[in-house]
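Residue 6 in the UniProt record's numbering sits at position 6 of the sequence shown, with consecutive numbering throughout.
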Amino acid sequence: MTDSVHISQAFNMVKSMFIHETIESDVQIGDDGSDFHFGGRGEDLVLGRGGNDFAWLGGGDDVALGGLGNDVVIGNRGDDLISGGSGNDTLLGGHGDDLLADGAGNDKSRGGNGNDVLVDGTGSDVLHGGAGSDVFLFTQAELYGGETGADNNRFIGGGGHDTLVLRLEEDADIPDIEFGRGGKITIDDLGITARGIEKIEIVHGLDLAGTELENHTLAEEAMLWGFI
Numbered sequence: 001m002t003d004s005v006h007i008s009q010a011f012n013m014v015k016s017m018f019i020h021e022t023i024e025s026d027v028q029i030g031d032d033g034s035d036f037h038f039g040g041r042g043e044d045l046v047l048g049r050g051g052n053d054f055a056w057l058g059g060g061d062d063v064a065l066g067g068l069g070n071d072v073v074i075g076n077r078g079d080d081l082i083s084g085g086s087g088n089d090t091l092l093g094g095h096g097d098d099l100l101a102d103g104a105g106n107d108k109s110r111g112g113n114g115n116d117v118l119v120d121g122t123g124s125d126v127l128h129g130g131a132g133s134d135v136f137l138f139t140q141a142e143l144y145g146g147e148t149g150a151d152n153n154r155f156i157g158g159g160g161h162d163t164l165v166l167r168l169e170e171d172a173d174i175p176d177i178e179f180g181r182g183g184k185i186t187i188d189d190l191g192i193t194a195r196g197i198e199k200i201e202i203v204h205g206l207d208l209a210g211t212e213l214e215n216h217t218l219a220e221e222a223m224l225w226g227f228i
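Here you go:
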């Protein structure tokens, strides 16, 4: 069952949509306003589209795409696949083995419990693994036609054995990696600082074969969506 209530606020011309899904799997599609999505126990697909959206996922293995705007997406007990899209987004994984993909904008992601994958986007992002053995993926901006050095990214490991994968251009040199006190890692050439990382893997090109990320539960699906 899906209930929708549209609220018009004339003073700021903002339209919001409130959508609540209870049990069955469902597709929830927002509009250009600021939408609220609440998932249920099924495996839901949530598409935020425009506006500053809020999505609280349910107990299933859900897929959520924030779209445009500054979105907040919170996972739950399933193995969730979450992308913020453009904007300054906040992504929280929850209890499953989740994959969180930052997009354009300055994003904040936290994996939560489980063995999560956190994918760096094109802005200045902060990615926190939480509990579990997590994998962080950094992709050099030149692989997407951008320019490395404009952004500053922080990768923070948690309680498990965490891995940072650096995906570089085919002909890129191995960057200088500085190991400091308290487990701090600095890679100035890539605008990276990190803590709590037990392993660093370096690949050249888009192929992630042989990395810790390759065998993650959601890796294949994330590739189909174009998140990694």
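Ideal Cβ placement from N, Cα and C applies to all residues, glycine included. Small disclaimer: the values here were computed from a predicted structure and weren't measured.
Determine the direct distance from the alpha carbon of residue j to that of residue i, and round the result to whole angstroms.
| i | j | result |
| --- | --- | --- |
| V46 | D35 | 11 angstroms |
| G58 | D97 | 14 angstroms |
| S133 | G183 | 17 angstroms |
| N113 | G159 | 10 angstroms |
| T163 | F155 | 10 angstroms |
| L118 | I228 | 10 angstroms |
| E214 | E221 | 11 angstroms |
| G210 | H216 | 12 angstroms |
| D120 | R195 | 15 angstroms |
| G51 | D71 | 8 angstroms |
| V224 | L208 | The amino acid at residue 224 is misidentified as Val; the sequence shows Leu. Their Cα atoms are separated by approximately 14 angstroms. |
| T139 | K199 | 16 angstroms |
| E169 | H204 | 5 angstroms |
| E212 | V135 | 7 angstroms |
| M13 | D89 | Model confidence at M13 stands at a pLDDT of 33, short of 50, so the residue's coordinates are unreliable; what they give is reported in the following sentence. Roughly 22 angstroms separates the two Cα atoms. |
| L166 | L137 | 6 angstroms |
| L218 | E142 | 25 angstroms |
| F38 | D53 | 11 angstroms |
| D171 | E201 | 16 angstroms |
| G130 | R77 | 15 angstroms |
| D107 | V126 | 6 angstroms |
Pick helix, strand or coil for residue i, following the three-state DSSP scheme.
| i | result |
| --- | --- |
| A194 | strand |
| L47 | strand |
| L224 | helix |
| A219 | helix |
| L65 | strand |
Per DSSP, what are the beta-bridge partners of residue i in this structure?
| i | result |
| --- | --- |
| residue 229 | Residue numbering for the chain in the displayed model covers 1 to 228; residue 229 lies beyond these limits and cannot be assessed. |
| T90 | V72, K108 |
| R167 | T139, V203 |
| L100 | I82, L118 |
| T186 | E178, T193 |
Excluding the 5 residues preceding and the 5 following residue i in the sequence, name in chain order all residues of the same chain whose CB lies nearer than 6 angstroms to its CB.
| i | result |
| --- | --- |
| L91 | V73, I82, G84, L100, S109 |
| T186 | E178, T193 |
| G93 | G75, L100, G111, G112, D116 |
| residue 230 | The requested residue 230 does not occur in the structure, where the chain is confined to residues 1 to 228. |
| P175 | I187, D189, L190 |
| H128 | R110, I156 |
For residue i, collect the residues of the same chain with a Cβ closer than 7 angstroms to its Cβ; drop the 5 residues on either side in sequence, then sort them by chain order.
| i | result |
| --- | --- |
| S86 | L68, G103, A104, G105 |
Which same chain residues end up closer than 8 angstroms to residue i when comparing Cβ atoms and leaving out the 5 residues on each side of it in sequence?
| i | result |
| --- | --- |
| G180 | T186 |
| D173 | none |
| D80 | L57, D61, D62, V63, A64, G93, G94, G96, D98, L99 |
Counting only runs that start and end within the region 102-151, where is the beta strand (DSSP E) found for 3 or more residues in a row? 108-110, 117-119, 126-128, 135-139
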